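Here's the structure, in structure tokens; my notes come after.
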Amino acid sequence: MTYDVLTSVLDTASDFQWEFLLGAPLRIFLIIVMAIVLNFMVRLLIRRFAAGVAKGTVGSSKTSRNRFSASNMQAQLSGFEPEIVRERRAQRANTVGRMLSSVSSIFIVVVAVLMILTELEFNLGPILASAGVAGVAIGFGAQALVKDYLSGFFMVVEDQYGIGDTVDLGEAIGTVEDVGLRITQVRGLDGTLWHVRNGEILRVGNQSQGWARAVLDIPIAYNTTMDTYSEIIAATTEAVEKDPEVADAILEKPEIWGVESLSAESQVVRTVLKTKPNQQWMVARAFRAELKRQMDRRGIQIPITQETVFRTLPDPTEAIKIAATNETTEAAHHHDSEGHEAHGDGSSGRGGDHGDRRDADRRATASRTRDNGPDETGDPTGGSRTGKRD
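390 is the number that UniProt numbering gives the last residue of the sequence shown; the numbers go up by one with no jumps.
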């Protein structure tokens, strides 16, 4: 009896162990291996697809060729260098390939984790609900980040710009130095490196795709006819085309569009030249320099802008009245000052004379009193002297 029980227990334990080993652990192991192999295969296919796009061999239909080789078609029309086209296409393909590889890897890992949790008998309902709520919260909080990545993805796929392009992104204008799915780096004319979020880019002005145009607004005098100006343009074109670099950048002969504006001194004639991308500024500088030399040879001067300054002067009659009033006022002030000085000197002189006379009278009276003595009435002023005269 005991033997049978022991045998039964051992058989049950053995079945449980084999079931455990051959059940969930084995399935989990197989899930992990399959996820790794699947991720490797998907990434390999994406890399091969990106390499084919970079070489321009992917897509046999006309739509695919237009989508992935638009820059190449523009290059053939405008004389663009094939090497630059290949670099742009390779950059675009690599960027899209990296993004697809990352998305596929994340998807495979998430599915594998959910399958493993199912094998471990976890209840996925609450987990998926929590993940959904967390995903909504993260998506709401990181919507700007998601917007940046999505915008960057479509910009790269649509080939809106690439490294080396001269672009106008609104606040940032310059040459593109790096293109990412979230950030685009633009080097400004003054050397400033702008880091622009792709989600904030509302418009893209690319001056490096297809072809460019050099616009020249040349002021000429009114006595210079359009026939003369056309001859000067023809001579200028012939001269600048002797430079191989400038000649290679010009795609078409210059066009005279006519008088653009009029001023008091000159008429402005607009002339345009079709050039290769990013070469319009070099062509315009060379064309202006040669145009100046051709005009100097013919004795034609570029009109100088003249400015007329009007200055309002006061009425001469009013000016004379103001001057006369000022002179009268100054004379009156001078007369008053002299009168005050004379009055002060006269008063002090008369006071001094009266004082001197009083002092002399006192001294004379004192002298007579000493000589004659007082009179009988006691008057010291000399009354006795008056009596003697009588």
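The beta carbon of each residue, even a glycine, is placed where N, CA and C say it ideally should be. What you are looking at is a predicted structure, and each value in this text was computed from that prediction instead of being measured.
Item to check | Endpoints, beta strand (DSSP E) assigned at GLN185 | outcome: Residue range 183-188 is occupied by the beta strand (DSSP E) that includes GLN185.
Checklist entry - In or out: THR305 buried (at least 16 other Cβ within 10 Å) or exposed? => result Label assigned to THR305: exposed.
Checklist entry - Under the rule that 16 or more other beta-carbon atoms within 10 Å means buried, what is GLU290, buried or exposed? => result buried
Checklist entry - If you measure from the CB of LEU273, is any heavy atom of the ligand PLP nearer than 8 angstroms? => result With respect to small molecules bound, the structure shown includes none, and the ligand PLP cannot be examined in it.
Next on the checklist: By alpha-carbon positions, which one of ARG203, VAL179, LEU202 ends up nearest to HIS195?
Outcome noted: Taking the Cα of HIS195 as reference, the smallest distance to any Cα among ARG203, VAL179, LEU202 is reached at VAL179.
Item to check | Whole-Å CB distance - GLN294 paired with ILE232, under 8 angstroms assumed | outcome: 5 angstroms
Checklist entry - Which residues in the same chain have their Cβ closer than 6 angstroms to the Cβ of ILE201, if we skip the five residues on either side of it in sequence? => result Excluding sequence neighbours, ILE201 sits near LEU169.
Item to check | Supposed contact pair THR224 and ILE173 - C-beta distance, whole angstroms, cut 8 angstroms | outcome: With a Cβ gap of about 35 angstroms, ILE173 and THR224 do not count as contacting.
Checklist entry - Just to confirm, are VAL269 and VAL259 a CB contact at a threshold of 9 angstroms? => result Yes, they are a contact pair.
Item to check | Distance between VAL109 and LEU145 (C-alpha atoms, nearest Å) | outcome: 22 angstroms
Item to check | Buried versus exposed call for GLN143 [16 or more other C-beta atoms within 10 Å across all chains shown] | outcome: exposed
Checklist entry - Can at least three beta-carbon pairs, one atom from the segment 154-167 and one from the segment 90-100, be found at a separation below 8 angstroms? => result yes
Next on the checklist: I need the straight-line Cα distance from GLY115 to ILE31, nearest angstrom please.
Outcome noted: The sequence shown places Met at residue 115, not Gly. When rounded, the distance between both Cα atoms is 7 angstroms.
Next on the checklist: Just to confirm, is the Cβ distance from LEU273 to ILE250 under 9 angstroms?
Outcome noted: yes
Next on the checklist: Quick check on DSSP: helix, strand or coil for ILE108?
Outcome noted: helix
Next on the checklist: One question on the structure: do TYR149 and ARG203 come within less than 9 angstroms of each other, judged by their Cβ atoms?
Outcome noted: It is not a contact, given that the beta carbons lie outside the stated cut-off.
Next on the checklist: Whole angstroms are fine: how far does the CA of ASN198 sit from the CA of PRO254?
Outcome noted: Cα to Cα, the separation comes out at about 37 angstroms.
Item to check | Cβ shell of LEU193 (< 8 angstroms), same chain only, five flanking positions each side left out | outcome: GLU177, GLN185, VAL186, ARG187
Item to check | Pair within 9 angstroms by beta-carbon distance, ALA35 and VAL111 | outcome: yes
Checklist entry - Alpha carbon to alpha carbon, how far is ASP248 from THR237? => result 13 angstroms
Item to check | Backbone CA spacing between ILE302 and ALA235 [nearest angstrom] | outcome: ILE302 and ALA235 have their alpha carbons spaced roughly 17 angstroms apart.
Checklist entry - Should ILE46 and GLY97 be called a contact, given that it needs their Cβ atoms to be closer than 9 angstroms? => result Yes. Within cutoff.
Item to check | Coarse secondary structure for GLY180, derived from DSSP in three states | outcome: coil
Item to check | CA nearest to the CA of VAL240, picked from TYR222, ALA286, ILE256 | outcome: ALA286
Checklist entry - Where does VAL272 sit, in a helix, a strand or coil, going by DSSP? => result strand
Next on the checklist: Suppose the cutoff is 7 angstroms on Cβ atoms and the five residues either side in sequence are ignored; what does the same chain contact list for MET99 look like?
Outcome noted: PHE153, LEU181
Checklist entry - Where do the ends of the alpha helix (DSSP H) carrying ALA131 lie? => result 124-141
Item to check | CB of ILE256 within 9 angstroms of CB of TYR222, strictly | outcome: no
Checklist entry - In this structure, does DSSP put THR312 in helix, strand or coil? => result coil
Item to check | Same chain only: Cβ atoms within 6 angstroms of SER261, ignoring 5 sequence neighbours per side | outcome: VAL268
Checklist entry - Secondary structure at GLY203, three-state DSSP: helix, strand or coil? => result For the record, residue 203 in the displayed sequence is Arg; it is not Gly. Looking at ARG203 - three-state DSSP - the assignment turns out to be coil, as it is neither helix nor strand.
Item to check | Nonlocal neighbours in the same chain, by C-beta distance under 6 angstroms from VAL309, ignoring five residues either side | outcome: none
Item to check | Member of ALA24, SER263, THR275, SER105 whose CA lies at the smallest distance from the CA of GLU119 | outcome: ALA24
Checklist entry - From the DSSP output, which residues share a beta bridge with THR305? => result THR305 pairs with nothing; no bridge assigned.
Checklist entry - Can you list, in chain order, the stretches of the beta strand (DSSP E) that have 3 or more residues and sit fully within the segment 200-270? => result The segment 200-270 contains these whole beta strand (DSSP E) runs: 212-220, 255-262.
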